[in-house]
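Protein chains in written order, with the working numbering: chain A, 1 to 203; chain B, 1001 to 1203; chain C, 2001 to 2203; chain D, 3001 to 3203.
Here a beta-carbon is modelled for each residue, glycine too, at the ideal position from N, C-alpha and C.
Step one of this worksheet: look at the structure below.
There are 4 protein chains.
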Amino acid sequence: MTLATVKECLNQISTFINKLPSLLDFEQVEKMIDMLIYAQAANRSIFVVGAGRSGLIAKAFAMRLMHLGFHVYVIGETITPAAGKGDVLVAISGSGRTGIVVTVAQVAKQVGVKVVAVTSHPDSPLGKLSDHVVFVPGRTKISDETDYFSRQILGIHEPLAPLGTLFEIAAMVFLESIVTELMHRLGKTEEDLRARHATIEVP
Amino acid sequence: MTLATVKECLNQISTFINKLPSLLDFEQVEKMIDMLIYAQAANRSIFVVGAGRSGLIAKAFAMRLMHLGFHVYVIGETITPAAGKGDVLVAISGSGRTGIVVTVAQVAKQVGVKVVAVTSHPDSPLGKLSDHVVFVPGRTKISDETDYFSRQILGIHEPLAPLGTLFEIAAMVFLESIVTELMHRLGKTEEDLRARHATIEVP
Amino acid sequence: MTLATVKECLNQISTFINKLPSLLDFEQVEKMIDMLIYAQAANRSIFVVGAGRSGLIAKAFAMRLMHLGFHVYVIGETITPAAGKGDVLVAISGSGRTGIVVTVAQVAKQVGVKVVAVTSHPDSPLGKLSDHVVFVPGRTKISDETDYFSRQILGIHEPLAPLGTLFEIAAMVFLESIVTELMHRLGKTEEDLRARHATIEVP
Amino acid sequence: MTLATVKECLNQISTFINKLPSLLDFEQVEKMIDMLIYAQAANRSIFVVGAGRSGLIAKAFAMRLMHLGFHVYVIGETITPAAGKGDVLVAISGSGRTGIVVTVAQVAKQVGVKVVAVTSHPDSPLGKLSDHVVFVPGRTKISDETDYFSRQILGIHEPLAPLGTLFEIAAMVFLESIVTELMHRLGKTEEDLRARHATIEVP
């Protein structure tokens, strides 16, 4: 076997990640970073939420924020406390329509939490209700516009990675770049992160 | 249908819970409460761990400790930070032999964490390595001694609830009683707990 | 210290569990058991959902259903597939008003899933939309009627266990009795359960 | 502010993903794919495990395998059943030394499960005990060799992304390419995946 599909998929993802910086709006990124730093400075908490694979990306981001010393919680985990005024919710949804993420964002707004949406669809229900939107490209599960979107925006003729995969990878890479910027601005070294890294790790 | 099994099982569990106070060693309980309060007073963290259904009981306890204002983390969740000297690990295992719980307790000891075992088997590997053991009765997955244990200690002739069920229920009830004692000693009301209860709840 | 609160709390929970069988409606229980067995017989799946501590009780029940050989999934876990016609959702909420559980139950109904509510409030939003309701007593987080409810129904003068604790314990005990009845009806032994019990356990 | 760190980090990750195909050993990839397909053909299960962020990548992969129709379970989740002879464990650890992942792999071997390691360190404890190793590049938490490794292998002068980030991204991208290859070989379309995608999604 030639593994042609593996290779072509790797090439497409590589092409897509190469284009990612040109597709981001860095003013949106700057404002998101400010919101995180201001919440921390005010001793407030960051909450993250996402459904399915976007939820896993949200958790990966939360883990690094914890390493950086933020008060950060994952919606739905055991020790997540009350959220309230001054806190920030980072809500991740490619389509911006995932029912439960929209519901969580609505409840968050009602209790005074600022919502940052990370989505490919700023005009979605999630985008519209959020205090701030960061556009992250990706085919999403809403595939009507797939062909146009993939060819024109992502530069991929026939995307192989299914469903929300490209958004999820883009979101993960984007959020990592936020982490390095936060390290830089807060003067944190890798050793600082390592010092807070779980010493008792389990799956 | 008569639901005879449902009814008999409810009766057995009731009999067992009735006997629970007479089977606990309240000096062990007192010391566990002290360890939790001293950790909090020293601004240290509580970690909880358990595998399978015991892990769920551990999480239920952690949630109430969070409501009470403790710094508490579940081993294996996203934002669990490094544990270290002065922290306390509550390790729950009926048999005291669950491989991963024993491993976690060993690692915890190595980094200076005090380990409290909640187990039916104080002589087990977990019990032996722990700094403090609280005996909580229950048939456990080690069933060799089941018949004797059930008849003599638990007062149940032929226990219906399978595997570790009785231990898990006893552990849950026992840990709830710890929570009410902590409320009493720390002067916390139900309103205080409600104020920290997650405002954005998801499954 | 005398641990008076621990002891009184244990007594209250014991009193409450003693009363539990007289507070259940066994026709409701029978119908719930039938729904589970019929779903399994038709090769359909059981889904469980609950928020916070009720979600942990839901998971404990799901684990035993898996041991019994049911196709069972926890809403929100990684490998939970599409639900559809003929499947059953067991939704656990003491108050019957937990926003996200109600939302999940609504979505489940829309895709043809039968919903069984386990709740202290059959007249709640969850109770009203469910195909079947099983009443399980307990003080719940809705505490307006607490005094009356606790004294008259639960037989406890001033309940110590905070918030939803009594419901959660009652739900756990009740669901365990369902497990033993299912073992009986399906002819499963403890060895059968043990054979499906996770061999690689982690917290 | 110029967001220079965000931009440089995005560039480094892009450079790294571009190099990824040339760093993989496609014979290793082919054998991993075969092991997954043979397990499915024999009606056996796939288990996945990883600690921390690698565990999240493992879950993202498991979710897609479920969408593809595999019997797949995440070690540590509620309804994960017994593993045994003929099953496959995919263990993800950049360093290959994460204590709990090594322990899980050892237990898996003892019960007859074939272990596939996805790691940057084939000579690690995990690599050595596994039945099959797939090398995925990345700086890992073992940073002694960081400078050499980053400059020579990854083509990055001073990597900004901290700790295991590069491995985690590479593992996610690599596993996505496996998913598309499996779709191709099993003749599955995006619609097939969508049909199994959770209809009741929560965080």
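Below-9 Å beta-carbon distance, residue i vs any chain C residue
{"i": "P3125(D)", "result": "no"}
{"i": "V1029(B)", "result": "yes"}
Chain D contact for residue i (CB, 9 Å cutoff)
{"i": "E2145(C)", "result": "Residue placement at E2145(C) cannot be trusted, given a pLDDT of 49 that sits under 50; the coordinates are not used to answer."}
{"i": "Y2148(C)", "result": "For Y2148(C), the pLDDT reaches just 49, beneath the cut-off of 50, and the residue's location in the model is therefore unreliable, although a value from the coordinates is still provided. No, Y2148(C) lies away from the interface with chain D (no Cβ there is under 9 Å from its Cβ)."}
{"i": "T1103(B)", "result": "yes"}
{"i": "I1213(B)", "result": "As displayed, chain B neither begins before 1001 nor continues past 1203, which places residue 1213(B) out of reach and without an answer."}
{"i": "L2068(C)", "result": "no"}
{"i": "A2062(C)", "result": "yes"}
{"i": "F2135(C)", "result": "no"}
{"i": "V1951(C)", "result": "In the structure as shown, chain C begins at 2001 and stops at 2203. Residue 1951(C) is therefore absent and cannot be evaluated."}
Residue i - containing beta strand (DSSP E), residue span
{"i": "T1165(B)", "result": "No beta strand (DSSP E) contains T1165(B), which is instead part of the alpha helix (DSSP H) from 1165-1186."}
{"i": "I3046(D)", "result": "3046-3050"}
{"i": "V2133(C)", "result": "2132-2135"}
{"i": "K85(A)", "result": "Counting along the chain, K85(A) falls outside any beta strand (DSSP E), and DSSP gives it neither H nor E."}
{"i": "A1042(B)", "result": "Run containing A1042(B): none; DSSP gives neither H nor E here."}
{"i": "A2117(C)", "result": "2114-2119"}
Cβ of residue i within 9 Å of any chain A Cβ
{"i": "K3128(D)", "result": "no"}
{"i": "T2180(C)", "result": "no"}
{"i": "K3114(D)", "result": "no"}
{"i": "L1175(B)", "result": "no"}
{"i": "V1072(B)", "result": "yes"}
For residue j and residue i, the rounded distance between their alpha carbons
{"i": "D1025(B)", "j": "F1135(B)", "result": "7 Å"}
{"i": "A2989(D)", "j": "T1078(B)", "result": "This structure cannot settle anything about residue 2989(D), because the visible part of chain D is limited to 3001 through 3203."}
{"i": "A195(A)", "j": "L3163(D)", "result": "11 Å"}
{"i": "R2185(C)", "j": "I2017(C)", "result": "24 Å"}
{"i": "T2098(C)", "j": "T1180(B)", "result": "24 Å"}
{"i": "I3013(D)", "j": "E190(A)", "result": "17 Å"}
{"i": "I3178(D)", "j": "V3118(D)", "result": "12 Å"}
{"i": "Y38(A)", "j": "L166(A)", "result": "30 Å"}
{"i": "E2168(C)", "j": "A3161(D)", "result": "44 Å"}
{"i": "K2141(C)", "j": "G2094(C)", "result": "Residue confidence is low: K2141(C) scores 49 on pLDDT, short of 50, so the model does not pin down where it sits. Its coordinate-derived value is still stated next. One C-alpha to the other measures close to 8 Å."}
{"i": "T2103(C)", "j": "G3138(D)", "result": "42 Å"}
{"i": "E2100(C)", "j": "I100(A)", "result": "In the sequence as presented, Glu is not what sits at residue 2100(C); that position holds Ile. Cα to Cα, the separation comes out at about 8 Å."}
{"i": "V3074(D)", "j": "V133(A)", "result": "33 Å"}
{"i": "E2176(C)", "j": "L2010(C)", "result": "20 Å"}
{"i": "L207(A)", "j": "I33(A)", "result": "Since the first and last residues shown for chain A are 1 and 203, residue 207(A) lies out of range."}
{"i": "D2131(C)", "j": "G50(A)", "result": "29 Å"}
{"i": "E145(A)", "j": "P3125(D)", "result": "Residue placement at E145(A) cannot be trusted, given a pLDDT of 49 that sits under 50; what the coordinates show is reported in the next sentence. Cα to Cα, E145(A) sits roughly 47 Å from P3125(D)."}
{"i": "A108(A)", "j": "E1027(B)", "result": "44 Å"}
{"i": "L1036(B)", "j": "G1084(B)", "result": "15 Å"}
{"i": "L3089(D)", "j": "S1054(B)", "result": "24 Å"}
{"i": "H2197(C)", "j": "A3041(D)", "result": "24 Å"}
Residues that residue i contacts on chain A, provided the C-beta gap is smaller than 7 Å
{"i": "G2084(C)", "result": "Here the premise fails: no neighbours, minimum Cβ distance about 17 Å."}
Partner residues on chain D for residue i, Cβ-Cβ distance less than 8 Å
{"i": "A2195(C)", "result": "A3082"}
Range covered by the alpha helix (DSSP H) that runs through residue i
{"i": "V3104(D)", "result": "3099-3110"}
{"i": "T1015(B)", "result": "1004-1023"}
{"i": "D1123(B)", "result": "Unbroken run through D1123(B): none, as it is neither H nor E."}
{"i": "E190(A)", "result": "190-196"}
Interface residues of chain D facing residue i [CB-CB closer than 7 Å]
{"i": "I291(A)", "result": "Summary: the structure shown does not reach residue 291(A), with chain A confined to residues 1 through 203, and so no result is reported for it."}
{"i": "K7(A)", "result": "P3021"}
{"i": "A161(A)", "result": "E3176, T3180"}
{"i": "F26(A)", "result": "L3003"}
Cutoff 9 Å: residue i Cβ touching any chain B Cβ
{"i": "M2035(C)", "result": "no"}
{"i": "M183(A)", "result": "no"}
{"i": "V88(A)", "result": "no"}
{"i": "I2057(C)", "result": "yes"}
Where residue i meets chain C, residues with beta-carbon distance less than 8 Å
{"i": "A3108(D)", "result": "I2200"}
Chain-ordered neighbours of residue i on chain B, where CB pairs are closer than 7 Å
{"i": "K188(A)", "result": "Within 7 Å Cβ-Cβ: nothing; K188(A) doesn't reach chain B, min ~14 Å."}
{"i": "T2165(C)", "result": "E1176"}
Contact list for residue i against chain C, beta-carbon separation under 7 Å
{"i": "M1172(B)", "result": "I2169, M2172"}
{"i": "I1017(B)", "result": "I2013, S2014, I2017"}
{"i": "V3111(D)", "result": "T2199"}
{"i": "R1053(B)", "result": "A2060, M2063"}
Residue i beta carbon near the ligand ATP (any heavy atom closer than 8 Å)
{"i": "L3126(D)", "result": "No copy of the ligand ATP appears in this structure; indeed no ligand is present at all."}
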